[in-house]
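Take a look at the structure set out below.
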Amino acid sequence: MFDKILIANRGEIALRVIRACREMGIKSVAVHSTADADAMHVRMADEAICIGPAPGTESYLNVAAIIAACEVTGAQAIHPGYGFLSENASFVQIIEDHGLTFIGPTAEHIRTMGDKITAKDTMIKLGVPCVPGSEGGVPDLAAAKKLGAEMGYPVIIKATAGGGGRGMKVAATAADMESAFMTARAEGKSNFGNDEVYIEKYLTTPRHIEIQVFGDGKGKAVHLGERDCSLQRRHQKVFEEAPGPSITPEERAKIGKVCADAVAKINYIGAGTIEFLYENGEFYFIEMNTRLQVEHPVTEAIFGVDLVREQILVAAGESMTFGQDDLEINGHSIEVRINAERLPNFAPCPGKITAYHAPGGLGVRMDSALYQGYSIPPYYDSLIGKLIVHGRDRAEALARLDRALGELIVDGIDTTTPLFHALLQEKDIHTGEYNIHWLEKWLDANMAEG
Ligand code: ADP
Numbered sequence: 001m002f003d004k005i006l007i008a009n010r011g012e013i014a015l016r017v018i019r020a021c022r023e024m025g026i027k028s029v030a031v032h033s034t035a036d037a038d039a040m041h042v043r044m045a046d047e048a049i050c051i052g053p054a055p056g057t058e059s060y061l062n063v064a065a066i067i068a069a070c071e072v073t074g075a076q077a078i079h080p081g082y083g084f085l086s087e088n089a090s091f092v093q094i095i096e097d098h099g100l101t102f103i104g105p106t107a108e109h110i111r112t113m114g115d116k117i118t119a120k121d122t123m124i125k126l127g128v129p130c131v132p133g134s135e136g137g138v139p140d141l142a143a144a145k146k147l148g149a150e151m152g153y154p155v156i157i158k159a160t161a162g163g164g165g166r167g168m169k170v171a172a173t174a175a176d177m178e179s180a181f182m183t184a185r186a187e188g189k190s191n192f193g194n195d196e197v198y199i200e201k202y203l204t205t206p207r208h209i210e211i212q213v214f215g216d217g218k219g220k221a222v223h224l225g226e227r228d229c230s231l232q233r234r235h236q237k238v239f240e241e242a243p244g245p246s247i248t249p250e251e252r253a254k255i256g257k258v259c260a261d262a263v264a265k266i267n268y269i270g271a272g273t274i275e276f277l278y279e280n281g282e283f284y285f286i287e288m289n290t291r292l293q294v295e296h297p298v299t300e301a302i303f304g305v306d307l308v309r310e311q312i313l314v315a316a317g318e319s320m321t322f323g324q325d326d327l328e329i330n331g332h333s334i335e336v337r338i339n340a341e342r343l344p345n346f347a348p349c350p351g352k353i354t355a356y357h358a359p360g361g362l363g364v365r366m367d368s369a370l371y372q373g374y375s376i377p378p379y380y381d382s383l384i385g386k387l388i389v390h391g392r393d394r395a396e397a398l399a400r401l402d403r404a405l406g407e408l409i410v411d412g413i414d415t416t417t418p419l420f421h422a423l424l425q426e427k428d429i430h431t432g433e434y435n436i437h438w439l440e441k442w443l444d445a446n447m448a449e450g
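Residues 1 to 450 (this note's numbering) are what the sequence shown spells out, left to right.
Here is the structure:
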């Protein structure tokens, strides 16, 4: 086992990894930018090292500084968290070239799944159901128009290198194809340096269902059921739950096995998430994330496992602590993302926290790096906390969420907390009847931008 792990991240996810390290008796090293000198992860880790100025590109994405920090502190492994360098295949290569261990999948797995066309092609070969669409890339507008006519509208044009909701455009009819195709291409080029695009049938009322998988890198893999992340704003998740309210035990067992078998076949190592759209009882693969997800705590809650601990174990060459037969769902869990944003238009709202009180009590987990007197810097993601609740069933989890939100105090800045208070008044949230477009429509009707 490792003696010391460096965490190449900040905020709540850095704390998450530090906590797992501490329970395992492993020393932790925090890295930070000059803007984060007073951040909670710096205070909580056993050691901390400054790796550059405020902008992420010069600090948390500064590979040379991170490698140097490992050398100076004697850290043997790097946990990347999510975002930043977590899905960067060349970073993994460089780490390994320096004799260090990356806590995550191999560079090859990251590369395969990071290119959406290659990922889809791989999944089709592994027997995973995919959204109908073009075979590989679509070279030009004429080919796109021909495909659109054959498949029938609406269709979605996606940049193969896209991510974070960027590089995707819907063409509702043939008349939209030219602008959708050109825009998706241009966004792929300008955001990701790759203008290759492909086309998929656009599903009109799907839910977003993702399967958590975990492999030991030696051909053994399990699934930990699904998360429903259908409540999204601009393709960004805001409310996640497990199990999915629309998924039956039979469906879970079937799609879960397809996913576990697929990742076992490629000797996948560590945590991964296979994302699907789900409509009329069918699953359609859209992408695989080769890292820990923001919303992993809802899965931890219902299975009672520590996914970060398991990531560290398999990275060190040890066995996972559970097999498929050990995994049984217990109750229901919901996570809401608390962002430093001002409603109704979700404008980022960094600033000084004048008072902070985290909710507690049975079945409540608050993953946050906030503290009273902390100043949220303006340079990074606006996620400042994840409130996760667990109940014996969905109704209990929702009541607990309402209660916990009422206890949360974050003064000095605006947050997205009022959004969740308002959502909990909605019948559809209580019946679980929503798809990926529900929240956008609700926001248009209830939070017209001022
Ligand atoms: P990204 O990598 O940018 O997150 P994804 O491929 O995961 O992109 O898609 C993000 C979201 O976009 C999905 O959760 C869904 O809301 C929407 N989406 C993607 N593909 C389709 C599709 N074929 N039909 C309808 N919506 C889609």
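Idealized CB from N, CA, C, for every residue including glycine.
Distance check for residue j and residue i, CA to CA, integer angstroms please.
| i | j | result |
| --- | --- | --- |
| residue 87 | residue 397 | 32 angstroms |
| residue 443 | residue 231 | 11 angstroms |
| residue 154 | residue 277 | 16 angstroms |
| residue 45 | residue 28 | 5 angstroms |
| residue 325 | residue 233 | 36 angstroms |
| residue 146 | residue 205 | 25 angstroms |
| residue 47 | residue 30 | 6 angstroms |
| residue 178 | residue 115 | 23 angstroms |
| residue 174 | residue 76 | 55 angstroms |
| residue 251 | residue 424 | 28 angstroms |
| residue 83 | residue 63 | 14 angstroms |
| residue 362 | residue 156 | 44 angstroms |
| residue 181 | residue 81 | 33 angstroms |
| residue 405 | residue 417 | 7 angstroms |
| residue 408 | residue 89 | 39 angstroms |
| residue 211 | residue 274 | 5 angstroms |
| residue 461 | residue 323 | The first residue shown for the chain is 1 and the last is 450, placing residue 461 beyond what the model contains. |
| residue 365 | residue 249 | 26 angstroms |
| residue 136 | residue 129 | 16 angstroms |
| residue 450 | residue 50 | Because residue 450 sits at a pLDDT of 48, beneath the cut-off of 50, its placement in the model cannot be relied upon, and the following sentence gives the value as read from the coordinates. Cα-Cα distance, rounded: 41 angstroms. |
| residue 33 | residue 56 | 8 angstroms |
| residue 422 | residue 401 | 12 angstroms |
Terminal residues of the continuous alpha helix (DSSP H) containing residue i?
| i | result |
| --- | --- |
| residue 90 | 89-97 |
| residue 430 | 427-431 |
| residue 402 | 394-407 |
| residue 182 | 177-192 |
| residue 295 | From DSSP, residue 295 is part of no alpha helix (DSSP H); its letter is neither H nor E. |
| residue 440 | 438-446 |
| residue 108 | 107-114 |
| residue 257 | 249-265 |
| residue 66 | 63-73 |
| residue 420 | 417-423 |
| residue 17 | 11-24 |
Between which two residues does the beta strand (DSSP E) containing residue i stretch?
| i | result |
| --- | --- |
| residue 37 | Residue 37 -> no beta strand (DSSP E), and no H or E assigned at all. |
| residue 289 | 282-289 |
| residue 160 | 155-163 |
| residue 346 | From DSSP, residue 346 is part of no beta strand (DSSP E); its letter is neither H nor E. |
| residue 272 | 269-279 |
| residue 168 | 166-171 |
| residue 315 | Counting along the chain, residue 315 falls outside any beta strand (DSSP E), though it belongs to the alpha helix (DSSP H) covering 307-315. |
| residue 77 | 77-79 |
| residue 225 | 221-233 |
Does ligand 1 have a heavy atom nearer than 6 angstroms to the CB of residue i?
| i | result |
| --- | --- |
| residue 421 | no |
| residue 202 | yes |
| residue 131 | yes |
| residue 110 | no |
| residue 286 | yes |
| residue 302 | no |
| residue 235 | yes |
Please return the same chain residues whose Cβ sits closer than 8 angstroms to the Cβ of residue i, not counting the five positions on each side in sequence.
| i | result |
| --- | --- |
| residue 412 | 351, 352, 353, 354 and 355 |
| residue 78 | 5, 6, 7, 8, 66, 70, 95, 100, 101, 102 and 103 |
| residue 207 | 228, 230, 244, 246, 277, 278, 279, 434, 435 and 436 |
Output needed for residue i: all residues of its chain with C-beta closer than 6 angstroms, excluding positions within five of it in sequence on either side, in chain order.
| i | result |
| --- | --- |
| residue 192 | 161 |
| residue 432 | 245 |
| residue 60 | 84 |
| residue 118 | 112 |
| residue 393 | 332 |
| residue 26 | 2 and 5 |
Leaving aside the five residues before and after residue i along the sequence, list all residues of the same chain whose C-beta is less than 7 angstroms from its C-beta, in chain order.
| i | result |
| --- | --- |
| residue 98 | 67 |
| residue 138 | 144, 147, 197, 198 and 199 |
| residue 447 | 343 and 344 |
| residue 126 | 262 and 265 |
For the region 159-171 and the region 184-200, state whether three or more C-beta atom pairs, one from each stretch, are separated by less than 8 angstroms. yes
Would the region 2-18 count as touching the region 372-392 if we require 3 or more Cβ pairs under 8 angstroms? Contact holds: three or more Cβ-Cβ distances are below 8 angstroms.
May I ask you to verify whether the region 317-329 touches the region 281-300, counting CB pairs closer than 8 angstroms and requiring at least 3? no
The region 258-273 / the region 216-224 touching (three or more Cβ pairs under 8 angstroms): yes
Counting Cβ pairs closer than 8 angstroms, one from the region 322-335 and one from the region 26-46, do we hit at least three? no
Between the region 16-31 and the region 299-313, do at least 3 Cβ pairs fall closer than 8 angstroms? yes
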